[in-house]
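Here the sequence shown is numbered in the UniProt record's numbering, starting from 1 and rising by one per residue.
Heads up, the beta-carbon is just placed ideally off N, CA and C, and yes, glycines get one too.
Only a predicted model underlies this, so the values are computations on that prediction, with no experimental measurement involved.
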Amino acid sequence: MSSSQLLVALDRASSVPLQQQLCDQISGSVRTGRLRPGDPVPPSRELAHQLRVSRTVVTRAYELLRANGVLTSRRGSGTRVSDALTDTPPPAQRAATRAHLWPEPPLPTDAGSPLWKPWEPAPMHRPDGTYDFRHGTPALASFPVTRWRQSLTAAVSRADAVALGYGPAEGSPTLRAQISALLRRSRALDAPREHTVVTSGATQAMDILVRLLVGPDDVVIIEDPSHTVLRQIFGYSRAAVVPVGVDEEGLRVDEIDSQVRAHGLDPARVRLIYVTPSHQFPTGFIMSERRRRALLRWAREHAATVLEDDYHNEFTFAEERLPSLAADPQDADVVYVGSFSKTLFPSLRIGYAVLPPHLVRPFLGVKWITDRLTPTLTQEALAEFISSGAYARHIGRMDRLYRQRRARLLEALYEHFGAGVRISGTAAGLHVLVTLGGAPDADEAAIVRAAAARGVRIYPASGYFVTRSPAEPTFLIGYAALPTARITEGVALLAAAVREVTAR
Numbered sequence: 001m002s003s004s005q006l007l008v009a010l011d012r013a014s015s016v017p018l019q020q021q022l023c024d025q026i027s028g029s030v031r032t033g034r035l036r037p038g039d040p041v042p043p044s045r046e047l048a049h050q051l052r053v054s055r056t057v058v059t060r061a062y063e064l065l066r067a068n069g070v071l072t073s074r075r076g077s078g079t080r081v082s083d084a085l086t087d088t089p090p091p092a093q094r095a096a097t098r099a100h101l102w103p104e105p106p107l108p109t110d111a112g113s114p115l116w117k118p119w120e121p122a123p124m125h126r127p128d129g130t131y132d133f134r135h136g137t138p139a140l141a142s143f144p145v146t147r148w149r150q151s152l153t154a155a156v157s158r159a160d161a162v163a164l165g166y167g168p169a170e171g172s173p174t175l176r177a178q179i180s181a182l183l184r185r186s187r188a189l190d191a192p193r194e195h196t197v198v199t200s201g202a203t204q205a206m207d208i209l210v211r212l213l214v215g216p217d218d219v220v221i222i223e224d225p226s227h228t229v230l231r232q233i234f235g236y237s238r239a240a241v242v243p244v245g246v247d248e249e250g251l252r253v254d255e256i257d258s259q260v261r262a263h264g265l266d267p268a269r270v271r272l273i274y275v276t277p278s279h280q281f282p283t284g285f286i287m288s289e290r291r292r293r294a295l296l297r298w299a300r301e302h303a304a305t306v307l308e309d310d311y312h313n314e315f316t317f318a319e320e321r322l323p324s325l326a327a328d329p330q331d332a333d334v335v336y337v338g339s340f341s342k343t344l345f346p347s348l349r350i351g352y353a354v355l356p357p358h359l360v361r362p363f364l365g366v367k368w369i370t371d372r373l374t375p376t377l378t379q380e381a382l383a384e385f386i387s388s389g390a391y392a393r394h395i396g397r398m399d400r401l402y403r404q405r406r407a408r409l410l411e412a413l414y415e416h417f418g419a420g421v422r423i424s425g426t427a428a429g430l431h432v433l434v435t436l437g438g439a440p441d442a443d444e445a446a447i448v449r450a451a452a453a454r455g456v457r458i459y460p461a462s463g464y465f466v467t468r469s470p471a472e473p474t475f476l477i478g479y480a481a482l483p484t485a486r487i488t489e490g491v492a493l494l495a496a497a498v499r500e501v502t503a504r
């Protein structure tokens, strides 16, 4: 096959984005053998011309495929199917064949397929009346851009030669002090500045921890269900990733040993346990005090590190708010990770990790090698934004706004779906998990297509479940970015779509 020929047919009427369709078709060609390791794919400009799409569609698809190890690019030889896509060796051979240095595809949570797709559809930015219930997107239209610009201006005006050079890998001392103060007030976490490290988003903190703590033959515990991006991060490590189920009280700690052994592994090899105790993703369950104590006890007895991801730390709607796990680790190693992506805006790319003292220097060693530092001026601007009180005022406004939008979503769902709908995750965060119990025979994908035909974009939750998908149509519905009137209209259109599918 020459590089100018590639059999791809895009469905422009589909609700699936074109770049996702292109990713799927190239992955499918590799899976079926039409494209083989080392085969070239067309240059992005040629393929865009062939498919009559924007070149951006092709370049983004290629980027995703390269990130997933399906494609590789080398200067002078173009873009090709990765030579790393070979048959998965049997378990007995795996340790001996892992001498290469490129990332490997996730192994334990995807049946060994090198074509596992961790990405999600891009958010819609269209003024054409589309109702996008995407989760994880805050109310960006309500962000105080003018006030933020003042913070940026102040940071730039104060910048000297030192501020413009390479700063410390641990981040701005001013911002770290502000983060420590925030966590002390909102999460009862006494996080000394010297134990707090600024990162390029929470994802970087997790990636560094995996590199630092996890080696071959070790075990990482994740929640089931869990976010696909987290499965990607841990799956690229050289450890085995073992999913453990959650219930209304959070991670089922008493099942860790049995689940690890069911994978033919030793619980003594567990090095990292990933949890979202404040608002489990995607169910929204809050880990109970009893389960928290059990988790910390298990981690302490097995010398494992607990990774606490507090991704929605500022937005809690329950009357009683539990402190973070790291606030009282009970002699267990707990790493607390957060970010400003949901409280401010995702492109800020500033997160942080609060580390046990013995992990600080090794963590900084890896961070220095990987990116030297998180951009300094942005950190200084954020520190000013927090210290001026603008951050607290913004959180207060967003808390009131999200409460209104959450209430409207719940009212609309119960109004249109009645007692048949089950909703979890209402106590915190910016999304809810919705199960349509009144439509057990309806196909999730059919509902997505019918909703898209009405201008409504919703997101099936089945992909987040590792071992057992929901028996009924289940969706992750975000409400933060939609005004109440749009929520009302969108749920009504969704209900019409469900009625159409169930009537077939």
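Is the number of C-beta pairs between the region 35-53 and the region 72-82 that are closer than 8 Å three or more? Because the criterion of three Cβ pairs below 8 Å is met, the region 35-53 and the region 72-82 touch.
Using CA atoms only, rank isn't needed, just tell me which of E444, A332, A451 and A381 is closest to G463. Ranked by how close their Cα comes to the Cα of G463, the residues E444, A332, A451 and A381 have E444 in first place.
Which whole-angstrom value describes the C-beta separation of G136 and L430, a residue pair presumed to lie in contact below a C-beta threshold of 8 Å? Between G136 and L430, the beta carbon gap of about 7 Å places them in contact (Cβ cut-off 8 Å).
Do you know whose CA, among T484, P138, R158 and S73, lies nearest L377's CA? Looking at the Cα atoms, R158 is the closest of the given residues.
Taking 7 Å as the limit between beta carbons, can you name the residues of its chain near A379, skipping five residues before and five after? As written in the sequence, residue 379 is Gln, which differs from the Ala given in the question. These residues qualify, in order along the chain: G171, S172, L175, V198 and I350.
Taking only runs that begin and end inside the region 192-253, name each unbroken beta strand (DSSP E) of 3 or more residues, in chain order. Correct list: 196-199, 219-224 and 240-247.
Can the beta-carbon of A450 be found closer than 7 Å to that of A495? The answer is no: Cβ separation not under 7 Å.
I want to know whether the region 379-393 touches the region 233-244 - three or more CB-CB distances under 8 Å. Contact between the region 379-393 and the region 233-244 is absent, because fewer than three Cβ pairs lie under 8 Å.
Flag this pair as touching only if the region 355-372 and the region 144-159 have three or more C-beta atom pairs under 8 Å; answer yes or no. Counting Cβ pairs under 8 Å, fewer than three are found: no touch.
In three-state DSSP terms, what is S44? Three-state result, S44: helix.
Using the three-state DSSP reduction, which class does F363 fall into: helix, strand or coil? In the structure shown, F363 sits in a helix (DSSP, three-state: H, G or I).
Count the CB pairs spanning the region 217-236 and the region 466-485 that are closer than 8 Å, and state whether there are at least three. Contact holds: three or more Cβ-Cβ distances are below 8 Å.
Kindly confirm or deny that the region 267-283 and the region 299-311 touch, where touching means at least three C-beta pairs closer than 8 Å. A contact exists between the region 267-283 and the region 299-311.
Within 10 angstroms of its Cβ, does S113 collect 16 or more other Cβ (buried), or is it exposed? In this predicted model, S113 has a pLDDT of only 40, less than 50, meaning its place in the structure is not dependable; the value taken from the coordinates is given anyway. The residue in question, S113, is exposed, as its Cβ has fewer than 16 Cβ neighbours within 10 Å.
Mark S237 as exposed unless 16 or more other C-beta atoms lie within 10 angstroms of its C-beta, in which case mark it buried. Here S237 is buried: its Cβ has 16 or more other Cβ atoms, across all protein chains shown, within 10 Å.
In terms of residue numbering, what span does the alpha helix (DSSP H) encompassing A497 cover? According to the DSSP assignment, A497 belongs to the alpha helix (DSSP H) that extends over T484 to A503.
Proximal residues to A202 (C-beta, below 6 Å), its chain only, five neighbours per side dropped: Around A202: V337, S339 and G351.
Helix, strand or coil, according to DSSP, for H431 in the structure here? Three-state DSSP puts H431 in a strand.
Which of helix, strand or coil DSSP assigns to G420: Helix.
Any idea which residues DSSP pairs E308 with across the strands? Looking at the DSSP output, E308 bridges to V275 and Y336.
Applying the 10 Å Cβ sphere with the 16-neighbour rule, what's the burial state of R292? When all chains shown are included, R292 counts as buried.
Mind checking whether H302 and V260 have CB atoms under 7 Å apart? Cβ atoms of H302 and V260: not closer than 7 Å.
Look up L436 in the DSSP assignment and say whether it is helix, strand or coil. L436 carries a strand assignment under DSSP once its states are collapsed to helix, strand and coil.
Expressed to the nearest angstrom, what Euclidean distance is found between the alpha-carbon atoms of R297 and D331? C-alpha separation (whole angstroms): 9 Å.
Indicate the three-state DSSP secondary structure (helix, strand or coil) for P356 in the structure shown. Looking at P356 - three-state DSSP - the assignment turns out to be coil, as it is neither helix nor strand.
Please classify T474: does DSSP put it in a helix, a strand, or coil? It is a strand residue.
What do you reckon, are the CB atoms on E472 and G420 nearer than 7 Å? Contact flag unset, no.
If you measure between the beta carbons of G284 and G425, is that distance less than 7 Å? Closer than 7 Å, so yes.
Can you tell me whether Y479 is helix, strand or coil according to DSSP? Here Y479 sits in coil by DSSP.
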